[in-house]
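Novice:
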Amino acid sequence: MKVEPKAGCWDGLFVPTPPVEPTSSGSFAGFLPLRVPSYNRGPCFPRLHWQVRAMSGSTFGHLFCVTNFGESHGPAIGCVIDGCPPGLALSEADIQPDLDRRRPGTSRHVTQRNEPDQVEILSGVYEGLTTGTPIALLIRNTDQRSKDYGNILDTFRPGHADYTYWRKYGLRDPRGGGRSSARMTAPMVAAGAVAKKWLKEAYGTTFTGWMSALGEIDIPHVDESQIPLNPFFAPDAGIVERLEAYMDALRKAGDSVGARIEVRARGVPVGLGEPLYDKLDADIAHAMMGINAVKGVEIGAGFASVAQRGSEHGDGLTPAGFASNHAGGVLGGISTGQELVVSLAIKPTSSIRSPKPSINRAGEPTVVETFGRHDPCVGIRATPIAEAMLALVVMDHALRHRAQCGDVRLPIEPI
Ligand SMILES: Cc1cc2nc3c(=O)[nH]c(=O)nc-3n(C[C@H](O)[C@H](O)[C@H](O)COP(=O)(O)O)c2cc1C
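The opening position of the sequence shown corresponds to residue 791 in my numbering, with each subsequent residue numbered one higher.
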């Protein structure tokens, strides 16, 4: 089908084509690139941006806009950050520490896939400063072992995305879970590190996450300085031995378990969030539910609010600040200036040795046992991912708030 581009605009750049083969990425499926003169490209760029966003589901954020690409066993994964403010000092060294916290193979309690997850900044930084142009971040895959996935070429792991990807796209990349793999969280951790750095410099905002339950074991919040010192991100040194014994027994049994993760953002300015439908808490829930294996998100008192009275739940205001924080730092979808309090329920890993009933692509019954290298508790590596996703939400809303309400002045300081 031939479509003429409209003059002075990018409208003609992506146009519908006759039906095409579905792709597992979804990106650009059904759209055909056309050439338009370069002098026509400026004014209508946002229109193109929205066309791509609406379709693929691979882009996150409005003004701090992150597009994620890659597959678990492809040559590389990465992201493009569009909209980062200029003038931020940025190098790989600002990003790598968070990737190192997420990366696999760092203890016997996580997958033994050995990926260095070294980030490369390909664009958007000149002489050590962000230029305001797109920042492309690349992480090469180096330790793919696709033969481990031979037995799920034709079958579907219960609890994983194999069946739904196949049903939706008509084909799938089974190697390492393809696009549904949690490897796709690494570029978001990298982008989150950029957001964290900007927010720290602009507002003093910090992000801290930890594990608060591993299976049925509650982990007390004793000392946050312990979080980086053990493989579980546990804020209590006293419980680590018990967690190790629990994980060793679980691995021997060929089973997996869920976890609960807490994240806090501290030093968040009051006013972030765009009611009605881009409320800060709504966007936090959206971001957290986008993390693989997350089955529940709570903000503040969360589900405990059900059993509370209004006399207890409502956080009193005083000239010196709020008296409590059952709201979790958000009222009416707008940040209060208190800590953002977010907690996540993470399901048990679905790729386990224990046999489970499934079907094959012919619809016949079968039994699936998964071998290869998997996280026996995916929650263990989820903490830096949750921090990064919260940072991306806060960053995007900080830029949105600045754009619309940056000039608002009130007679009193925030409490
Ligand atoms: C850090 C992390 C690591 C993960 N590792 C594995 C894994 O090794 N094996 C597995 O089956 N699932 C793993 N998952 C979970 C799957 O990616 C996820 O369950 C799958 O994509 C289906 O999506 P859903 O659980 O969100 O519905 C991991 C998740 C996270 C957050």
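The beta-carbon is built from N, C-alpha and C at its ideal position, and this holds for glycine as well.
For residue 1145 and residue 1086, I'd like the C-alpha separation in whole angstroms.
Specialist: Approximately 26 Å between the Cα atoms of the pair.
Novice: Would you call residue 797 buried or exposed, if buried means 16 or more other Cβ atoms sit within 10 Å of its Cβ?
Specialist: For residue 797, the predicted model reports a pLDDT of 36, less than 50, meaning its position is unreliable; a value from the coordinates is still stated below. So residue 797 ends up on the exposed side.
Novice: In angstroms, rounded to a whole number, what distance separates the CA positions of residue 966 and residue 1110?
Specialist: Cα to Cα, the separation comes out at about 52 Å.
Novice: When we look at the beta-carbon of residue 954 and count the other beta-carbons within 10 Å, is it buried (16 or more) or exposed?
Specialist: Answer is exposed; the Cβ neighbour count stays below 16.
Novice: Could you compute how far the alpha carbon of residue 1187 sits from the alpha carbon of residue 986?
Specialist: In a straight line, the C-alpha of residue 1187 is about 13 Å away from that of residue 986.
Novice: Let's test the definition: count the other Cβ atoms within 10 Å of the Cβ of residue 825 and tell me whether it reaches 16, buried, or not, exposed.
Specialist: At residue 825, the pLDDT of 41 sits below 50, so the modelled position is not reliable and the matter cannot be decided from this model.
Novice: Starting from the C-beta of residue 865, find all residues in its chain whose C-beta is less than 8 Å away, skip the five residues before and the five after it, and write them out in chain order.
Specialist: The residues are 930 and 931.
Novice: Would you mind stating whether residue 889 and residue 873 have Cβ atoms separated by less than 8 Å?
Specialist: For residue 889 and residue 873, no; Cβs fall outside 8 Å.
Novice: Expressed to the nearest angstrom, what Euclidean distance is found between the alpha-carbon atoms of residue 1078 and residue 1174?
Specialist: About 12 Å.
Novice: Please confirm whether residue 1049 and residue 1167 have their CB atoms less than 8 Å apart.
Specialist: Yes, they are a contact pair.
Novice: Alpha carbon to alpha carbon, what distance is there between residue 1069 and residue 1051?
Specialist: If I take the Cα positions, the gap works out to 22 Å.
Novice: Going by Cα to Cα distance, which pick from 1030, 857, 885 and 904 is closest to residue 1163?
Specialist: Among 1030, 857, 885 and 904, the Cα nearest to that of residue 1163 belongs to 904.
Novice: I need the DSSP call for residue 1195, collapsed to helix, strand or coil.
Specialist: Reduced to three states, the DSSP call for residue 1195 is helix.
Novice: Are three or more beta carbon pairs between the stretch 1135 to 1150 and the stretch 934 to 953 nearer than 8 Å?
Specialist: Because the criterion of three Cβ pairs below 8 Å is met, the stretch 1135 to 1150 and the stretch 934 to 953 touch.
Novice: Mind checking whether residue 1126 and residue 1060 have CB atoms under 8 Å apart?
Specialist: Going by C-beta atoms, residue 1126 is nearer than 8 Å to residue 1060.
Novice: Less than 8 Å between the C-beta atoms of residue 868 and residue 926, yes or no?
Specialist: Contact flag set, yes.
Novice: Nearest-angstrom Cα distance between residue 881 and residue 851?
Specialist: Computed Cα separation, rounded: 22 Å.
Novice: What residue from 1042, 1129, 1199 and 961 has the CA that sits closest to residue 1055's CA?
Specialist: Taking only the C-alpha atoms, the option nearest residue 1055 is 1129.
Novice: With distance defined between alpha-carbon atoms, name the residue in 1104, 1151 and 1106 nearest to residue 941.
Specialist: Ranking 1104, 1151 and 1106 by Cα distance to residue 941 puts 1151 first.
Novice: Should residue 1246 and residue 1171 be called a contact, given that it needs their Cβ atoms to be closer than 8 Å?
Specialist: Residue 1246 lies beyond the residue range present for the chain, which begins at 791 and ends at 1205; the question has no answer from this structure.
Novice: Give the DSSP-derived three-state secondary structure of residue 941 in the structure shown.
Specialist: Residue 941: helix per DSSP, three-state reduction.
Novice: By DSSP's criteria, residue 1146 is part of a beta bridge. Which residues make up the other side?
Specialist: Partner(s): 1158.
Novice: Check residue 1073 in the structure and name its three-state DSSP category.
Specialist: Helix at residue 1073.
Novice: Taking buried to mean at least 16 other C-beta atoms within 10 Å of its own C-beta, is residue 1202 buried or exposed?
Specialist: Counting Cβ neighbours within 10 Å, residue 1202 comes out exposed, since fewer than 16 surround it.
Novice: Specify, as a first and last residue, the run of the beta strand (DSSP E) that residue 998 falls within.
Specialist: First-last of the beta strand (DSSP E) with residue 998: 996 to 1004.
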